[in-house]
Amino acid sequence: MSGTGVLANVVGGVLALLLIVYLFVALTRPEKF
9 MSGTGVLANV
19 VGGVLALLLI
29 VYLFVALTRP
39 EKF
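In the working numbering, each residue carries its 1-based index in the sequence shown increased by 8.
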């Protein structure tokens with residue numbers, strides 16, 4: 009695999025993780041959103 013492919017996978021994974029955390033917080037603490 010090329011370096012760019014690895015970088016894209018890491019960035020995509022981090023963004024997906026942040027989105028999941030944001031949605032989890034939004035569902036558990038709706039008063040803050």
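Every residue, glycine too, gets a C-beta built ideally from N, C-alpha and C.
Alpha carbon of G11 to alpha carbon of V33, nearest angstrom: Position 3 of the sequence shown holds residue 11. Position 25 of the sequence shown holds residue 33. Using only the alpha carbons, I get a separation of about 33 Å.
Straight-line gap, T36 to L27 (C-alpha atoms, nearest Å): Position 28 of the sequence shown, counted from the start, is the residue given in the question as residue 36. Position 19 of the sequence shown, counted from the start, is the residue given in the question as residue 27. Rounded to the nearest angstrom, the two C-alpha atoms are 14 Å apart.
Through-space distance from L23 to V29, alpha-carbon basis: Taking the sequence shown and counting its residues from 1, the one referred to as residue 29 is at position 21. Taking the sequence shown and counting its residues from 1, the one referred to as residue 23 is at position 15. The alpha-carbon atoms of V29 and L23 are separated by roughly 10 Å.
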